[in-house]
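Residue numbers (the UniProt record's numbering): 1 to 667. Glycine included, every Cβ here is placed at the ideal spot set by N, Cα and C. Comments concern the structure below.
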Amino acid sequence: MDLAAAFNEEIKRRPSFYAIMPQLDSTRVTFYYVPPQFRLFPRRTDYLNYQMSNISRRIKNKLLKDGTALLGLAKVRAYPECFAVSISNSATTLDDLKYVLDEIEGAANNTAAAMSSNPWFAPVVPFKKTEDGQTSTSTPSITPYATPPPPRDTYPPYVNAPIESLHQEMFLRVAGLFDEKGIYFQDKREDPLLNFKAPDDLMAEFDLNLTDAPSLASNDEIIGALENMIRYSIHQAHPYYIYQLLSGGLDAYTIMSDFISTVMTTNSLTYEEAPIYTLMEEEVLRASRRRIGYPENGDGMMMPGGSVCNIVAVTVARLTKFADTKERGLDGWRDVKPTLFVSANAHYCLIKAGLLNGIGQDNVVLVPADPDGRMDTTKLRDAIAKSRDDGRTPFFVGATGGTTVLGVFDNLGEIAQICQENNMWMHIDASVGGAAMFSDTKLAELWENGKLSDSISFNPHKWFGSSQETTVLMFKQAGIVKQTLGLQQSDNRTWANGNNNYDSNKAFGDLAAHGGIGWERRPNVLKLWMLWKAKGRVGMGNHIDYTYANKDFLMNELRKPERQEMFRLVKPEYQCAGVCFYYIPKMLRGMDEDSANYKLAIEQVALPLQMRLVRAGVTITPVFRDNGSPLFTKFTILSSGITTDDIAYLLDAIDYYGQDIRVNMNQ
Numbered sequence: 001m002d003l004a005a006a007f008n009e010e011i012k013r014r015p016s017f018y019a020i021m022p023q024l025d026s027t028r029v030t031f032y033y034v035p036p037q038f039r040l041f042p043r044r045t046d047y048l049n050y051q052m053s054n055i056s057r058r059i060k061n062k063l064l065k066d067g068t069a070l071l072g073l074a075k076v077r078a079y080p081e082c083f084a085v086s087i088s089n090s091a092t093t094l095d096d097l098k099y100v101l102d103e104i105e106g107a108a109n110n111t112a113a114a115m116s117s118n119p120w121f122a123p124v125v126p127f128k129k130t131e132d133g134q135t136s137t138s139t140p141s142i143t144p145y146a147t148p149p150p151p152r153d154t155y156p157p158y159v160n161a162p163i164e165s166l167h168q169e170m171f172l173r174v175a176g177l178f179d180e181k182g183i184y185f186q187d188k189r190e191d192p193l194l195n196f197k198a199p200d201d202l203m204a205e206f207d208l209n210l211t212d213a214p215s216l217a218s219n220d221e222i223i224g225a226l227e228n229m230i231r232y233s234i235h236q237a238h239p240y241y242i243y244q245l246l247s248g249g250l251d252a253y254t255i256m257s258d259f260i261s262t263v264m265t266t267n268s269l270t271y272e273e274a275p276i277y278t279l280m281e282e283e284v285l286r287a288s289r290r291r292i293g294y295p296e297n298g299d300g301m302m303m304p305g306g307s308v309c310n311i312v313a314v315t316v317a318r319l320t321k322f323a324d325t326k327e328r329g330l331d332g333w334r335d336v337k338p339t340l341f342v343s344a345n346a347h348y349c350l351i352k353a354g355l356l357n358g359i360g361q362d363n364v365v366l367v368p369a370d371p372d373g374r375m376d377t378t379k380l381r382d383a384i385a386k387s388r389d390d391g392r393t394p395f396f397v398g399a400t401g402g403t404t405v406l407g408v409f410d411n412l413g414e415i416a417q418i419c420q421e422n423n424m425w426m427h428i429d430a431s432v433g434g435a436a437m438f439s440d441t442k443l444a445e446l447w448e449n450g451k452l453s454d455s456i457s458f459n460p461h462k463w464f465g466s467s468q469e470t471t472v473l474m475f476k477q478a479g480i481v482k483q484t485l486g487l488q489q490s491d492n493r494t495w496a497n498g499n500n501n502y503d504s505n506k507a508f509g510d511l512a513a514h515g516g517i518g519w520e521r522r523p524n525v526l527k528l529w530m531l532w533k534a535k536g537r538v539g540m541g542n543h544i545d546y547t548y549a550n551k552d553f554l555m556n557e558l559r560k561p562e563r564q565e566m567f568r569l570v571k572p573e574y575q576c577a578g579v580c581f582y583y584i585p586k587m588l589r590g591m592d593e594d595s596a597n598y599k600l601a602i603e604q605v606a607l608p609l610q611m612r613l614v615r616a617g618v619t620i621t622p623v624f625r626d627n628g629s630p631l632f633t634k635f636t637i638l639s640s641g642i643t644t645d646d647i648a649y650l651l652d653a654i655d656y657y658g659q660d661i662r663v664n665m666n667q
């Protein structure tokens, strides 16, 4: 705060600059550069604002092209577009900030020298003091202050920037820790999946309390704390991590990419901030749309997770079908009564999408599933007809490409036909099964009609094992994101982007800021791009086919006569690489499995089995039920690091730890 105030005073002291806020109450400083020919003009006239905004953009672009500085532009009330600097780095000094001002003046001179025929860009005299304290009016050099000021001799321990003298040793030790214990290489199979402790025991061993004074005062203490974090966390790269839908291993190329993204901490908002990531995102989206069968010039963006993708898809559909709601909100559909339809087996985030869009939970229709777990399309037609009869407007169907529990694909072709007949938006939540589109085998048939949809969400951090999170949202129609979610540029905007340096069609940041839902965007695209580059589409498809073959092996293993007395499949076939089954402990073997007593008894097995496996550090198995069934166990085999021997070992381990489970037969 003191540094920001000192910087603001320095700006006020220089006649070439105008500080917008005379006094500061934050660390954000806004100002603009004023050439000599405009210093006598009245402030805040339309003419001056127009000229000053152009000058600000030119200076920003000059500094960007030279690689000197990346400055943000903002629009503050009735002022021209101005420079906006947030001073949150405690390693920054006032000399650094003075250097930035000098560079701005130098960029103004260089811009003026290149455009000397334009009277509005005459050369500018930088502000410098002579020995007697008077302002110098000598002819300036083209690039003043070519080298930045030297760093401090010492830095305080609270500094929030990497400092070689303070942090380099620790970084090197942490890198060794990642290699030795953090990255779980597949050849460490003798190590447990996790070291489980109950909450009270873990809190007693691990000091979680936050205090006024530092409680990790040395590098050794920091490294010790990090080692404990690793020790008491689950290793997702472990071959026996088969829990839920994040059991795709942990792809090495995405780990490396995540390291780079974290070290760089780039915000994928504008091309200036993230040039290479912007181009990567374009290519990843284009290649993904091509794979699904959408037009290559469609739309989309990387999003933070599948749930957010699905919520945004409903929002875009709503703003497309009911355009008045963009300006008028709920008044725009007061008499419309919109209704959306999803399978009873769909992910709950689609119900939340109805809540967050003002549709209401009562207007999210859960369509029953058929015996195979797919949305019953006959009942979908009936539900749409009933909705119309009730005076409502059906507008959205959320199909699923791989349900959470059974991994089922809805009948995409028939749902697409229903949507076309009723002028409804069709979205596919392919968070689970989207990876199947990369296969060249029969799995690709599941996606044959995916191209008939309007939007698709897809999570590579599931079946491909990308580090979290890596999520793609795709739209068939070009420009639809900005059309629906974009904000009108107005005098009240707080973000400005002068993109004279490049083709404005590559200003992905404009889409992110005005077409997305947030300004901060981690460059998660790097992970998917690197995975695709390193393995190729064919290699990615081979991974899918390998895991699917493992799924078939597991099902055949469960059907073996020697395992029949202890395992039962919940369904005879599975479309994704997950298999649901009941484990039968010794006391229930030989019982009539159709009896009510048996169903009550088998309900009590899956949870105790899960906890025994967790406490032993062997694996963690998710527990589900389907349509009122007893609880069952699921193996989700999404990692191509698992072998058939591993699968047989895990089944043997289940029987070893679960055979003596006792249940209450008197419930």
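- By the criterion of a C-beta distance shorter than 8 Å, ILE230 is surrounded in its chain by LEU177, LYS181 and GLY182, once the five residues flanking it on both sides are discounted.
- In the three-state reduction of the DSSP assignment, PRO192 falls in the coil class, being assigned neither a helical nor a strand state.
- In chain order, PRO80 place their CB closer than 8 Å to the CB of TYR50, counting only its own chain and leaving out the 5 sequence neighbours on each side.
- Of GLU565, HIS427 and LEU194, the smallest CA-CA separation from TYR240 is found for LEU194.
- Under the Cβ criterion (8 Å, minimum of three pairs), the region 210-225 does not count as touching the region 481-488.
- Along the region 362-445, the beta strand (DSSP E) occurs as fully enclosed runs of 3 or more residues at 364-367, 393-400 and 425-430, listed in sequence order.
- DSSP places CYS309 within a helical segment (H, G or I) once states are collapsed to three.
- The continuous beta strand (DSSP E) containing LYS634 extends over residues 632-636.
- Within a 10 Å sphere around the beta-carbon of SER439 sit 16 or more other beta-carbons, which makes this residue buried.
- Taking the Cα of GLU281 as reference, the smallest distance to any Cα among LYS527, MET611 and GLN604 is reached at LYS527.
- Contact between ASN363 and PRO338 holds, with the beta-carbon distance rounding to 7 Å and staying under 8 Å.
- In this structure the region 605-612 does not lie against the region 422-442, because fewer than three pairs of beta carbons, one per stretch, are closer than 8 Å.
- For ILE11, the number of other beta carbons within 10 angstroms of its own is at least 16, and it is reported as buried.
- In the three-state DSSP reduction, PHE553 falls in the helix class (H, G or I).
- Here DSSP, grouped into helix, strand and coil, assigns PRO162 to coil.
- For ILE480, the three-state secondary structure derived from DSSP is helix.
- Shortest Cα-Cα distance from LEU406 to any of ALA383, ARG374, ASP389 and MET424 involves ARG374.
- In its chain, beyond the 5 residues on either side, ALA69, LEU70, LEU71, GLU103, ILE104 and ALA107 have a beta carbon closer than 8 Å to the beta carbon of LEU63.
- Relative to VAL579, the option among ALA549, LEU600, GLN604 and GLU562 whose CA is nearest is ALA549.
- Here the alpha carbon of VAL365 sits roughly 15 Å from the alpha carbon of THR400.
- Counting the other CB atoms within 10 Å of its CB gives GLU593 a total below 16, which places it among the exposed residues.
- Between LEU446 and ALA435, the C-beta gap is not smaller than 8 Å, which leaves the two residues out of contact.
- As for any alpha helix (DSSP H) of minimum length 4 sitting wholly inside the region 309-335, the runs are 325-328, ordered along the chain.
- A Cβ-Cβ contact shorter than 8 Å links LEU94 with LEU3.
- Secondary structure of PHE7 (DSSP, three-state): helix.
- Spanning the alpha carbons of ASP545 and SER466 requires a straight line of approximately 17 Å.
- Cβ atoms of ARG662 and MET587 come within 8 Å of each other, at about 6 Å.
- If you draw a straight line from the Cα of LEU558 to the Cα of TYR656, it is about 16 Å long.
- In this structure, the CA atom of MET203 is about 16 Å from the CA atom of THR211.
- Ranked by Cα distance from VAL481, the options SER455, ASN219 and ALA78 are led by SER455.
- The C-alpha of TYR582 lies about 51 Å from the C-alpha of PRO275.
- Distance check between ASP552 and each of GLU448, GLY541 and ALA577 places ALA577 closest, using alpha-carbon atoms only.
- Nearest C-alpha to GLY641 among HIS238, TYR294, ASP390 and MET426: HIS238.
- In this model, LYS535 and LEU166 are separated by some 39 Å (Cα to Cα).
- One alpha carbon belongs to THR30, the other to GLY354, and they sit about 40 Å apart.
- The C-beta distance from THR470 to THR619 rounds to 24 Å, too long to fall under 8 Å, and the pair is not in contact.
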